[in-house]
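Colleague: Just passing along the structure, written as structure tokens.
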Amino acid sequence: MRYLSPDKIIINKPESLMVFKDVNIIPMDQEGIIKHQNVFIQNGVIKKILNAGEESIPREAIYINGSKGKYLIAGLADMHVHIVHSNDLLLFISKGITTVRNMGSFYAGKYHFHLRLKNKVNNQEVIGPQIYTAGSMLCGSTSMIPLICKQLKTKDDIRRVILKEKQAGYDFIKIHDGLSLAQYSDVLRIAHESGMDVAGHLPDEVTLNSALNLRQRSIEHLMGYINAFKDDWVIKKDEIDQYIRTTKEHDVWNCPTMISFQRIQSFKRSIEFEEEDELKLVPPLARWLWRYFTWKRDREGEKKGYKYPQKCLPYVKETIQKLYEANCNLLLGTDTHLPYIIPGFATHRELENLVSCGISPYQALKTATYNAAKFLNKLDEFGTVSEGKRADLILLDQNPLDNIHNMKTQLGVMVNGRWITQISIENILQEIRNHYRLSII
1 MRYLSPDKII INKPESLMVF KDVNIIPMDQ EGIIKHQNVF IQNGVIKKIL NAGEESIPRE
61 AIYINGSKGK YLIAGLADMH VHIVHSNDLL LFISKGITTV RNMGSFYAGK YHFHLRLKNK
121 VNNQEVIGPQ IYTAGSMLCG STSMIPLICK QLKTKDDIRR VILKEKQAGY DFIKIHDGLS
181 LAQYSDVLRI AHESGMDVAG HLPDEVTLNS ALNLRQRSIE HLMGYINAFK DDWVIKKDEI
241 DQYIRTTKEH DVWNCPTMIS FQRIQSFKRS IEFEEEDELK LVPPLARWLW RYFTWKRDRE
301 GEKKGYKYPQ KCLPYVKETI QKLYEANCNL LLGTDTHLPY IIPGFATHRE LENLVSCGIS
361 PYQALKTATY NAAKFLNKLD EFGTVSEGKR ADLILLDQNP LDNIHNMKTQ LGVMVNGRWI
421 TQISIENILQ EIRNHYRLSI I
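Going by full-length UniProt numbering, the sequence shown opens with residue 1, and the numbers climb by one from there.
Put into structure tokens, the structure is as follows:
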């Protein structure tokens with residue numbers, strides 16, 4: 001199974017005029033429903049939106065079957081993924097994820113795997129979400145992942161690597177672990193001078209206060225707020241509200257990836273995840289590696305006295321609640337391909353997680369639509385259902401503002417103006433399942 005070209009599953013050419021007739025729009029730049037709308041799509045863009053019956057529909061227009069009375073929402077963005085396989089693109093699209101922020105991996109460097117993938121999508125050679133990507137994950141000499149990150153030692157290293165990433169065409173810098181505070185400060189200063197944002201982890205020597213003051217663009221996994229391996233807050237409990245206020249004042253974004261805390265489990269507990277049907281959409285080799293990684297982490301964790309990150313979920317939920325109540329900037333992310341976190345499927349689980357934190361369905365959906373576009377400075381391109389935006393859309397049978405689980409009533413997905421029916425999506429997923437019955441990769 002490799003890439004899927006557009007002519008395999010698309011029922012229309014991008015230049016065709018398509019119409020969602022008499023549909024209910026969930027605009028995402030305001031809460032609520034705009035009923036009885038005709039939405040015209042052409043050349044990958046929402047051409048115009050009119051009240052149903054306001055204007056006759058051109059004879060040459062292609063109708064989206066079954067759209068009357070249904071719900072149309074902007075495609076979702078998963079803002080923390082690690083793309084490792086070409087099939088990931090199909091899994092994202094199958095669940096309505098039309099934009100991803102790829103947080104770097106060992107495929108970067110001289111191979112530029114993600115840049116090549118991004119270009120294939122942009123050139124409409126393959127079906128997939130819009131990709132915004134970092135290159136190599138940057139780390140220091142004491143990194144936990146020295147084999148799959150780019151280690152920085154001197155200030156010259158930092159400047160050379162950042163300029164090389166920028167020249168290659170990467171969208172931002174991903175920082176991981178093992179850096180001193182001085183190195184971390186140099187990374188942010190040089191990146192900002194080069195016009196690049198920095199996102200990622202907080203190295204052990206870097207406090208949350210330092211990250212906020214130095215304007216790290218986004219903080220992943222609530223690092224600096226909580227300690228995932230010690231089951232508590234990093235900062236004193238009576239100081240958390242002060243740090244939340246500082247987060248708001250400095251306009252720093254958080255991508256909590258609550259699902260990653262749920263899925264980093266003991267080996268015994270993780271076996272239950274292997275019973276989930278979506279695991280059949282993952283290469284058998286990956287499942288074996290996940291099993292081994294979980295077993296190995298169990299043994300090492302016992303020696304170091306680590307608790308499982310799942311045990312700190314109450315702190316995760318409380319921190320998300322506090323960030324939300326303070327109107328801080330939140331993004332939806334999943335940390336796909338961490339073990340048992342499946343592209344696309346995990347995004348829907350994370351929406352449900354956010355709602356479980358007391359966030360309304362609308363505000364949860366906003367983290368994966370409007371907020372994502374705002375974060376990327378692309379609100380003029382996507383994130384809402386409005387004229388002139390890229391036609392990345394999901395058609396739903398039921399209203400997700402009533403119940404976030406209604407996101408599972410998907411009837412089809414539009415990707416850059418190309419319509420994929422739910423029947424086609426199910427056929428794609430079955431093809432992937434069949435492939436992995438016969439192949440380990």
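Note that the Cβ used here is the ideal one computed from N, Cα and C, for glycine as well. Here the structure is a predicted model, which means the values were calculated and not measured.
1) Looking only at C-alpha atoms, which of Met-407, Lys-13, His-192 and Ile-432 sits nearest to Ser-282?
2) Does Val-19 come within less than 8 Å of chain D when only Cβ atoms are used?
3) Taking C-alpha atoms, which residue in Leu-90, Asp-22 and Trp-233 lies nearest to Leu-50?
4) Can you pull the DSSP bridge partners for Gln-37?
5) Quick check: what's the CA-CA separation for Thr-133 versus Leu-332?
6) Give me, in chain order, the residues of the same chain whose beta-carbon lies closer than 6 Å to that of Leu-351; leave out the 5 immediate sequence neighbours on both sides.
7) Three-state secondary structure (DSSP) at Asp-241?
8) Taking Ala-61 as the reference, which of Thr-247, Tyr-324, Val-39 and Tyr-315 has the closest Cα?
9) Going by Cα to Cα distance, which pick from Ile-41, Phe-20 and Met-28 is closest to Lys-13?
10) Quick one: Cα of Lys-164 to Cα of Tyr-184, how far?
11) Going by the beta-carbon positions, is the gap between Ile-259 and Asn-353 smaller than 8 Å?
12) When the Cβ atoms of the segment 213-229 are set against those of the segment 237-256, are three or more pairs found closer than 8 Å?
13) Over the uninterrupted alpha helix (DSSP H) stretch that includes Gln-410, give me the two end residues.
14) Tell me whether the segment 161-178 and the segment 139-146 touch, counting them as touching only if at least three CB pairs, one residue from each stretch, are closer than 8 Å.
15) Flag this pair as yes or no: are the beta carbons of Thr-98 and Leu-117 separated by less than 8 Å?
16) How would you write the range of the alpha helix (DSSP H) that Met-258 sits in, first residue to last?
17) Taking Cβ positions, are Val-81 and Arg-59 nearer each other than 8 Å?
18) Hey, would you say Thr-347 sits closer than 8 Å to Thr-334, going by beta carbons?
19) Report the residue ranges of all beta strand (DSSP E) runs contained in full by the segment 145-230; include only those spanning at least 3 residues, in chain order.
20) Out of Arg-245, Asp-241, Phe-261 and Glu-205, point me to the one whose CA is closest to Ala-228's CA.
21) Cα separation between His-337 and Lys-280?
22) How about Met-18 and Ile-64: do their beta carbons lie closer than 8 Å?
23) Three-state secondary structure (DSSP) at Gln-363?
24) Assign Asp-88 to one of three DSSP states: helix, strand, or coil.
25) On the three-state DSSP scale, how would you describe Ser-356?
26) Would you give the residue range spanned by the alpha helix (DSSP H) that Ile-420 belongs to?
27) Exposed or buried, which one is Ser-439 when buried takes at least 16 other CB atoms within 10 Å?
28) Apply the 10 Å Cβ neighbour rule to Leu-285 and answer buried if 16 or more other Cβ atoms are within range, or exposed otherwise.
29) Suppose the cutoff is 7 Å on Cβ atoms and the five residues either side in sequence are ignored; what does the same chain contact list for Phe-161 look like?
30) Determine the DSSP secondary structure at Cys-139, reduced to helix, strand or coil.
31) Using DSSP with H/G/I as helix, E/B as strand and the rest coil, what is Lys-13?
32) Leaving out five residues before and five after Leu-188 in sequence, what residues of the same chain have Cβ atoms less than 6 Å from its Cβ?
33) Rounded to the nearest angstrom, what separates Cys-255 and His-201 at their Cα positions?
34) How big is the Cα-Cα spacing for Asp-88 and Asn-416?
35) Whole angstroms is fine: what's the gap from Gly-32's alpha carbon to Leu-395's?
36) Taking Arg-101 as part of the beta strand (DSSP E), name the residues at either end of that continuous run.
Modeller: Result, derived from the coordinates:
1) Position 282 of the sequence shown, counted from the start, is the residue given in the question as residue 282. Note on identity: in this sequence residue 282 is Val, with Ser being the wrong assignment. Measuring from the Cα of Val-282, the nearest candidate turns out to be Ile-432.
2) Annotation note: the requested chain D is absent from the structure, which comprises a single protein chain.
3) Within the sequence shown, the letter at position 50 stands for residue 50. Nearest C-alpha to Leu-50: Asp-22.
4) Here residue 37 refers to the residue found at position 37 when the sequence shown is read from its first residue. DSSP lists Val-23 and Asn-51 as partners of Gln-37.
5) Taking the first residue of the sequence shown as position 1, residue 133 is located at position 133. Taking the first residue of the sequence shown as position 1, residue 332 is located at position 332. When rounded, the distance between both Cα atoms is 16 Å.
6) Here residue 351 refers to the residue found at position 351 of the sequence shown. The answer, listed in chain order, is Ala-364 and Ile-404.
7) Translated into positions along the sequence shown, residue 241 becomes position 241. In this structure, Asp-241 counts as helix in the three-state DSSP scheme.
8) The residue given as residue 61 occupies position 61 in the sequence shown. Answer by Cα proximity: Val-39.
9) Along the sequence shown, one-based indexing puts residue 13 at 13. Nearest option by C-alpha distance: Ile-41.
10) Position 164 of the sequence shown, counted from the first residue, corresponds to residue 164. Position 184 of the sequence shown, counted from the first residue, corresponds to residue 184. Cα to Cα, Lys-164 sits roughly 18 Å from Tyr-184.
11) For the purposes of this step, residue 259 is identified with residue 259 of the sequence shown, where counting begins at 1. For the purposes of this step, residue 353 is identified with residue 353 of the sequence shown, where counting begins at 1. Going by C-beta atoms, Ile-259 is nearer than 8 Å to Asn-353.
12) yes
13) Here residue 410 corresponds to residue number 410 of the sequence shown, with the count starting at 1. Element bounds for Gln-410: not the alpha helix (DSSP H) but the beta strand (DSSP E), 410-415.
14) yes
15) Translated into the one-based positions of the sequence shown, residue 98 becomes position 98. Translated into the one-based positions of the sequence shown, residue 117 becomes position 117. Between Thr-98 and Leu-117, the gap from beta carbon to beta carbon reaches 8 Å or more.
16) By 1-based counting over the sequence shown, the position of residue 258 is 258. According to the DSSP assignment, Met-258 belongs to the alpha helix (DSSP H) that extends over 258-263.
17) As a working note, residue 81 is residue 81 in the sequence shown. As a working note, residue 59 is residue 59 in the sequence shown. Contact flag unset, no.
18) The sequence position of residue 347 within the sequence shown is 347, counting from 1. The sequence position of residue 334 within the sequence shown is 334, counting from 1. Contact flag set, yes.
19) Runs of the beta strand (DSSP E) inside the segment 145-230: 172-175, 198-200 and 218-220.
20) Your numbering for residue 228 matches position 228 in the sequence shown. Looking at the Cα atoms, Phe-261 is the closest of the given residues.
21) The residue given as residue 337 occupies position 337 in the sequence shown. The residue given as residue 280 occupies position 280 in the sequence shown. For His-337 and Lys-280, the distance between alpha carbons rounds to 14 Å.
22) Position 18 of the sequence shown holds residue 18. Position 64 of the sequence shown holds residue 64. Taking 8 Å as the Cβ cut-off, Met-18 and Ile-64 qualify as a contacting pair.
23) Mapped onto the sequence shown, residue 363 falls at position 363. Correct three-state label for Gln-363: helix.
24) As a working note, residue 88 is residue 88 in the sequence shown. Asp-88: helix per DSSP, three-state reduction.
25) Position 356 of the sequence shown, counting from 1, holds the residue named residue 356. Helix, per DSSP.
26) Here residue 420 is taken as the residue at index 420 of the sequence shown, counted from 1. Counting along the chain, Ile-420 falls outside any alpha helix (DSSP H), though it belongs to the beta strand (DSSP E) covering 418-421.
27) One-based indexing of the sequence shown puts residue 439 at position 439. Counting Cβ neighbours within 10 Å, Ser-439 comes out exposed, since fewer than 16 surround it.
28) Residue mapping note: residue 285 aligns to position 285 of the sequence shown, counting from 1. Leu-285 should be labelled exposed.
29) The count along the sequence shown starts at 1 and reaches residue 161 at position 161. Checking the sequence, you will find Val at residue 161 rather than Phe. Excluding sequence neighbours, Val-161 sits near Leu-138, Lys-150 and Leu-152.
30) As a first step, residue 139 must be located in the sequence shown, where it is residue number 139. Correct three-state label for Cys-139: strand.
31) In the sequence shown, the residue the question calls residue 13 occupies position 13. Reduced to three states, the DSSP call for Lys-13 is coil.
32) Walking along the sequence shown from the start, residue 188 turns up at place 188. Correct list, in chain order: Val-198 and Leu-214.
33) For the purposes of this step, residue 255 is taken as residue 255 along the sequence shown, with counting starting at 1. For the purposes of this step, residue 201 is taken as residue 201 along the sequence shown, with counting starting at 1. So the two alpha carbons sit approximately 11 Å from each other.
34) The count along the sequence shown starts at 1 and reaches residue 88 at position 88. The count along the sequence shown starts at 1 and reaches residue 416 at position 416. Computed Cα separation, rounded: 18 Å.
35) In the sequence shown, the residue the question calls residue 32 occupies position 32. In the sequence shown, the residue the question calls residue 395 occupies position 395. If I take the Cα positions, the gap works out to 16 Å.
36) As a position in the sequence shown, residue 101 is number 101, starting the count at 1. Note, Arg-101: beta strand (DSSP E), 97-102.
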